[in-house]
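Sequential numbering of the sequence shown, starting at 15, is according to the working numbering.
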Amino acid sequence: YLAPTKALANDQARSWRDLALPGIREAVVDGDSNADERAWARRHANVVLTNPDMLHYSLLPGHERWSRLLRNLRYIVVDEAHAYRGVFGAHVSLILRRLRRLAEHHSSSPVVIAASATSGAPERSVARLIGAPVTAITEDSSPTPERTVVLWQSPTDDGGSSATRDAAALTSAAVREGCQVLTFLRSRRAVEYVASLVREQHADHASIPSGSDTIAAYRGGFLAEERRALEDGLRSGSIRALATTNALELGIDIAGMDVVVTAGWPGTRSSLWQQFGRAGRGTSAALAAFVAREDPLDTYLVQHPEALTAQPFEETIFDPGNPNVLAPHLLAAAHELPITINEHVFPENSHEVLDELEARGLLRSRPTGWYWTSRARPHDMTDLRGAGDTVRIVEEDTGRLLGTVDSASAHRHVHPGAVYVHQGVSHTVQSLNVHDAVAIVRTEEVEYTTFARDISDIRIIRTAQEWPSFDATMHIGEVAVTSRTVAYEVRALDGTLVAIHDLDLPERTLHTQAVWWTLADRAVTESGIEDLPGAVHAAEHAAIGLLPLFASCDRWDIGGVSTIRHPDTECATIFIYDGLPGGAGFVLRGAQDAGPWLDATASVVERCGCSAGCPSCVQSPKCGNANDPLDKAGAITVLRLLHKALS
Numbered sequence: 015y016l017a018p019t020k021a022l023a024n025d026q027a028r029s030w031r032d033l034a035l036p037g038i039r040e041a042v043v044d045g046d047s048n049a050d051e052r053a054w055a056r057r058h059a060n061v062v063l064t065n066p067d068m069l070h071y072s073l074l075p076g077h078e079r080w081s082r083l084l085r086n087l088r089y090i091v092v093d094e095a096h097a098y099r100g101v102f103g104a105h106v107s108l109i110l111r112r113l114r115r116l117a118e119h120h121s122s123s124p125v126v127i128a129a130s131a132t133s134g135a136p137e138r139s140v141a142r143l144i145g146a147p148v149t150a151i152t153e154d155s156s157p158t159p160e161r162t163v164v165l166w167q168s169p170t171d172d173g174g175s176s177a178t179r180d181a182a183a184l185t186s187a188a189v190r191e192g193c194q195v196l197t198f199l200r201s202r203r204a205v206e207y208v209a210s211l212v213r214e215q216h217a218d219h220a221s222i223p224s225g226s227d228t229i230a231a232y233r234g235g236f237l238a239e240e241r242r243a244l245e246d247g248l249r250s251g252s253i254r255a256l257a258t259t260n261a262l263e264l265g266i267d268i269a270g271m272d273v274v275v276t277a278g279w280p281g282t283r284s285s286l287w288q289q290f291g292r293a294g295r296g297t298s299a300a301l302a303a304f305v306a307r308e309d310p311l312d313t314y315l316v317q318h319p320e321a322l323t324a325q326p327f328e329e330t331i332f333d334p335g336n337p338n339v340l341a342p343h344l345l346a347a348a349h350e351l352p353i354t355i356n357e358h359v360f361p362e363n364s365h366e367v368l369d370e371l372e373a374r375g376l377l378r379s380r381p382t383g384w385y386w387t388s389r390a391r392p393h394d395m396t397d398l399r400g401a402g403d404t405v406r407i408v409e410e411d412t413g414r415l416l417g418t419v420d421s422a423s424a425h426r427h428v429h430p431g432a433v434y435v436h437q438g439v440s441h442t443v444q445s446l447n448v449h450d451a452v453a454i455v456r457t458e459e460v461e462y463t464t465f466a467r468d469i470s471d472i473r474i475i476r477t478a479q480e481w482p483s484f485d486a487t488m489h490i491g492e493v494a495v496t497s498r499t500v501a502y503e504v505r506a507l508d509g510t511l512v513a514i515h516d517l518d519l520p521e522r523t524l525h526t527q528a529v530w531w532t533l534a535d536r537a538v539t540e541s542g543i544e545d546l547p548g549a550v551h552a553a554e555h556a557a558i559g560l561l562p563l564f565a566s567c568d569r570w571d572i573g574g575v576s577t578i579r580h581p582d583t584e585c586a587t588i589f590i591y592d593g594l595p596g597g598a599g600f601v602l603r604g605a606q607d608a609g610p611w612l613d614a615t616a617s618v619v620e621r622c623g624c625s626a627g628c629p630s631c632v633q634s635p636k637c638g639n640a641n642d643p644l645d646k647a648g649a650i651t652v653l654r655l656l657h658k659a660l661s
């Protein structure tokens, strides 16, 4: 049994134990299992519950020790199959292919069963996931409770509330009515903020059960014992409201939620309905509320509710043939068992990648195939989750480990001077040691928050394909993005800018896939655009905001750069790129639907009621240039020009 998270595997193991079926000997094998538990599982278990990380780093390289399991393997159950998308999905696809390959070596031919309540095009996506044809079973016979869905959008004027504050208000109101509430938010910062707001409102209402633990925050970066205690509190009902990231989206058993509040589009319809599915499990009626942020996509969805209810779930997007992902898995596979010329379990381009690995001296070729000859472990060359190393967050006075953050985002979230919030307690970052991967924080009550500013540069490595026209041309290919966090803003809690402080942090370079549009000088002149820098910048923001409608991604998975004259193209250019090494297929999927993508983007900007641009149309929450310059009218002209050219 393969689950995307340790929590889900442990939850399923609990269900197996509760069933107490005769002859069933289940065992959880993950990073928390000790040597004795793993040895027992190898000798006795006939149901092994694990995750992709454990398969890759332990079970597959040690397959001879697991020969009893592999020899008798009848079923491979892949739960929450829709969770395997992007680079992580590509990694899991190759892990499953390696597992099937080793099962065949040990003389078994297991049936793969993939389960998901929200998978689009399951026959095609699961076939790509496991590398073999599948049969889709799509009839839904699960009990479905009555569920009321609310779409909520705050006023867009300056005095309007924010989605985060509205989510907190809805959560508080539901708790006052005696409901148990799960509130999903887009960031760790928002999770802590909402939990704090609800605690404050909770303190003012005697009707809410007393006790500091009734309102809590749950997010990545917490220690394992903290997460387990929160999960138990949610199940027991002692926690009445829990603000969480998507860490609780997947199916661990937390039945009994009366209300789910989702603040901001979670990236896909699949994710949204997974979150909504937390409400009303069983037979009880429930309420699910989608609170729109000031964001082009959220605005579009409130204006077009049929996009949430009448459209099919997205097909999961991942590319197991991505050479950056495939290469280390071929090395791992050759270490496990020499790769023969006639094997067909790996993607079509595997022979090309194998030849390259041989040329680099990483594999040795023989007439029968490719062999790993080093004493090193190739499995350690792979980063499955794409997060890279983690940075530890340590309290200055006590030395206590508060949590972790992935190294890729450490520059933005735990730079010197940043405000870091943990379970409602504010800390300020005193230092960030990139080499030692540790951030030192000091407990300090502050009346402000911080936001990092980045600058980026982009260079075209290779153009794979282009679609030229008289006014504009669309290109796809490989790029190198160099970025650096150069400053951070200090803002009062009401959002007022207080100060800007410079930072001196090293550059980071990302090699990835991109789509870019070039505008002919003549077309720009004839269009009458007065503020070209603001126009292309605003068009870039809006297009990034709408891409998740066409590709199963999140706007934080992608990035963009715009310029009025790029040195590689010698004209005005808008780049949108995958924010993961080697690319994840998101922008390539968007390029396939470039016409509808650009049309929907232009429509959102045109229909927005603001005069000069706002977060609901062309402003971006992650802009490294503080959303300056932006030209809403110019963006509409650029988007319509691009759409017409591609049509």
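No residue lacks a Cβ here, since even glycine has one placed at the ideal position from N, Cα and C. What you are looking at is a predicted structure, and each value in this text was computed from that prediction instead of being measured.
Could you tell me the alpha carbon to alpha carbon distance between residue 367 and residue 334, rounded to whole angstroms?
12 Å
Whose C-alpha, out of 17, 184, 181 and 46, is nearest the C-alpha of residue 91?
17
Three-way DSSP call (helix, strand, coil) for residue 447 in this model:
strand
Since residue 548 is in the beta strand (DSSP E), which residue starts that stretch and which ends it?
Taken as a continuous stretch (DSSP letters only), residue 548 belongs to no beta strand (DSSP E), being part of the alpha helix (DSSP H) at 546-560.
At what residue ranges does the stretch 287-365 contain a whole run of the alpha helix (DSSP H), taking only runs of 4 or more?
310-317, 320-323 and 337-350
Beta-bridge partners of residue 441, as assigned by DSSP:
434 and 457
What separation, rounded to the nearest whole angstrom, lies between the Cα atoms of residue 52 and residue 416?
29 Å
Tell whether a beta-carbon distance below 8 Å holds between residue 495 and residue 573.
yes
Taking the beta carbon of residue 35 as the centre, do at least 16 other beta carbons fall within 10 Å, making it buried, or is it exposed?
exposed
Name the DSSP beta bridge partners of residue 229, please?
255
Do the stretch 94-108 and the stretch 387-399 touch if we need at least three Cβ pairs shorter than 8 Å?
yes
State the Cα-Cα distance for the pair residue 483 and residue 661, rounded to the nearest angstrom.
10 Å
Per DSSP, the bridge partner or partners of residue 98:
Answer is none; residue 98 lacks a bridge partner.
Under 8 Å between C-beta atoms, does residue 16 make it to chain D?
Note that chain D does not occur in the displayed structure, where there is just one protein chain.
Contact set for residue 173: own chain, Cβ-Cβ below 8 Å, skip 5 residues either direction
Here residue 173 scores only 48 on pLDDT, less than 50, and its place in the model is too uncertain to base an answer on.
Taking the alpha-carbon of residue 577 as reference, which of 370, 153 and 652 has the nearest alpha-carbon?
652
Between the stretch 304-323 and the stretch 586-605, do three or more beta carbon pairs fall short of 8 Å?
no
Please report the Cβ distance between residue 306 and residue 167, rounded to the nearest whole angstrom; I am assuming they are in contact, meaning their Cβ atoms lie under 8 Å.
4 Å
Hey, is the stretch 263-277 in contact with the stretch 434-446, meaning 3+ C-beta pairs nearer than 8 Å?
no
With distances taken Cα to Cα, identify the nearest neighbour of residue 83 among 94, 358, 40 and 188.
40
Given a threshold of 16 other Cβ atoms within 10 Å of its Cβ, counted over all protein chains shown, does residue 429 qualify as buried or as exposed?
buried
Helix, strand or coil at residue 425 [DSSP, three-state]:
helix
Spatial distance of residue 63 from residue 22 (CA atoms):
9 Å
Inter-residue spacing [alpha-carbon to alpha-carbon] between residue 31 and residue 43:
15 Å
Ordered along the chain, which non-local residues of its own chain (more than five positions away) have a Cβ less than 7 Å from that of residue 141?
147 and 148
Close-in-space but distant-in-sequence residues of the same chain around residue 215 (CB under 6 Å, 5 per side omitted)
186
Beta-carbon separation (whole angstroms), residue 248 vs residue 268, contact threshold 8 Å
5 Å
Quick one: what's got a C-beta closer than 7 Å to residue 608's C-beta in the same chain, skipping five residues either side?
488 and 660
For residue 589, write down the residues that DSSP places opposite it in a beta bridge.
530 and 575
Exposure of residue 513, with buried meaning 16 or more beta-carbon neighbours within 10 Å:
exposed
Can you give me the start and stop residues for the beta strand (DSSP E) that residue 63 sits inside?
61-63
Could you work out which residue in 613, 411, 473 and 619 is closest to residue 455 when comparing CA atoms only?
411
Comparing C-alpha positions only, which one of 451, 328, 96 and 192 sits nearest to residue 563?
328
Would you call the stretch 634-645 in contact with the stretch 467-484, where contact means no fewer than 3 C-beta pairs closer than 8 Å?
yes
Does residue 174 come out as helix, strand or coil in the three-state DSSP assignment?
Any reading at residue 174 must be qualified, since the residue scores a pLDDT of 48, below 50, and its modelled position is unreliable; the value itself is stated next. The answer is coil: DSSP assigns residue 174 none of H, G, I, E or B.
Own chain residues within Cβ distance below 8 Å of residue 300, not counting five before or after
159, 160, 161, 162, 271, 272, 273, 274, 293 and 294
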